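Single-structure report; data block below.
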Amino acid sequence: RSASAPRAYAIEINAWIDAGALHVALEMSQRLHGAEAAHAFAGAWRAALDALATFDPDPFAGRPLAQADLATIGDLLAELDEE
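Letter by letter, the sequence shown follows residues 1299 to 1381 of our numbering.
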């Protein structure tokens, strides 16, 4: 497609996995957004993906209260209220 051709969407995002790696192609109109906005968007997209890659789905794993049931947690909270 020609770079000057009209686009169906303001921002087009295509992503695929190849050899275990995520590839992302972002396409946007420089006439509509400008190069600076395109670079800022790409940087924010990368930062969001990096945050997802380092996200800990179970931040309490390995901590004593992580395995506590609701009754135990309730008892602990009651003890705190008494103090």
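Positions of the beta carbon are idealized from the N, C-alpha and C atoms, including for glycine.
Predicted model, so just to flag it, every value in this text is computed and none were measured.
Quick one: what's got a C-beta closer than 7 Å to residue 1337's C-beta in the same chain, skipping five residues either side? none
I'd like the span of the beta strand (DSSP E) that includes residue 1313, first residue to last. 1309-1316
When you compare only the Cα positions, how much space is there between residue 1349 and residue 1318? 18 Å
To the nearest angstrom, report how far apart residue 1310 and residue 1368 are at their CA atoms. 46 Å
In the DSSP assignment, what residue or residues form a beta bridge with residue 1334? Partner(s): none; residue 1334 has no beta bridge.
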